[in-house]
Structures are given as structure tokens and as C-alpha cells.
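I have placed the structure first, in the form of C-alpha cells, so that the comments after it can refer back to it.
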Amino acid sequence: MTKLPPGCTIAFCPAWGVEASGGPKKRKTKHDYSPHFLAFYDAYPRSVGIAPAYKAWKLAGSHLVADASMKRAEAVKFLLEAAEAFAESRSGQMGRKTPHPATWLNAGRYEDDRADWDLSDEPEPEGTGSSLLIIEDEEPSDA
Numbered sequence: 003m004t005k006l007p008p009g010c011t012i013a014f015c016p017a018w019g020v021e022a023s024g025g026p027k028k029r030k031t032k033h034d035y036s037p038h039f040l041a042f043y044d045a046y047p048r049s050v051g052i053a054p055a056y057k058a059w060k061l062a063g064s065h066l067v068a069d070a071s072m073k074r075a076e077a078v079k080f081l082l083e084a085a086e087a088f089a090e091s092r093s094g095q096m097g098r099k100t101p102h103p104a105t106w107l108n109a110g111r112y113e114d115d116r117a118d119w120d121l122s123d124e125p126e127p128e129g130t131g132s133s134l135l136i137i138e139d140e141e142p143s144d145a
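Our numbering numbers the first residue of the sequence shown as 3 and each following residue consecutively.
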């Protein structure tokens, strides 16, 4: 007899994603998410990975409530305002180089100094940066 993973019954196993009917678990649609999360997700400049973004958003909100002593409504507002500010910044307008929302949330980027979002990671044009001067020793002359 096959041993079932922890938390599983013969009728249902979350690890396998099947219900007693044998069909797959119903995936969440955009309508199944919190309206507060959807406002954040729509404000964030890159709309990819909605499920991991939702998980990260809930975790970030919990972090703000626990560590920053915010009320839930304040945390929701803070995350939304941070996403809106990031979307307007240079870092939020980098297309495919803009981090996924889950990555941004999991890294705690909503707590960054917002001025840093406008700093460029692009190299300086030639002639404007500092240069390194290499001085070579002259070879002794035969005198």
C-alpha cells in the first residue's frame, strides 16, 4: 500500500492538486483576489506572476503590521502608494528589467528610499567618469 504524504487523504491531497472528483483544483482567477491587492497589482508597472505576487503582498502587509506597527488599512495604503511611486520612477519604467511584483515585494523594496528608484544603473558616457592612470616604470637605460 502506498503511503500518503502528510495532510492528504484518499479523497484529497493538496500536494497533488486533485479533489475527490479526480479533477484538478480550481485556479484563482483575477476576480478571486482582494480588491486591495488588485489595485496594487494594477498600479505596479509589470503585471506578471499574479499568484506569487498575491502571496508576497500578503506577507509584506503582515510584515508592515507586525514590524512597523501599522494598521492593516495603513499597510494596504502604504503598499499601493509605494507601487504607484515606483511605477513613475525610472526604475519602474525599465520594461523587462523591472522586477516582477513578487520579487519587488519579497525584497522589501517598498521600504527603499524612493529617491534611489530614480538613480540610473547605466554606465556613464565616456569621458565623464573617473579614469585610472597607469604609470609604468621606465626600464633602466644602459649608460
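C-beta: ideal position from N, C-alpha, C; glycine also.
Residue from Lys99, His38, Ala85, Lys79 with nearest C-alpha to Asp114: Ala85
message: Using a Cβ-Cβ cutoff of less than 8 Å, which residues in the same chain neighbour Ser23 once the five nearest sequence positions on both sides are dropped?
response: Residue placement at Ser23 cannot be trusted, given a pLDDT of 49 that sits under 50; what the coordinates show is reported in the next sentence. Nothing listed; no residue qualifies.
Nearest neighbour of Asp118, chosen from His102, Trp106, Ala109, Ser91 [CA to CA]: Ser91
query: By Cβ distance below 7 Å, which residues in the same chain neighbour Pro54 in space, the five residues on each side in sequence not counted?
result: Ala104
task: For Thr105, name the three-state secondary structure that DSSP assigns.
output: helix
field: Exposure of Arg74, with buried meaning 16 or more beta-carbon neighbours within 10 Å
entry: exposed
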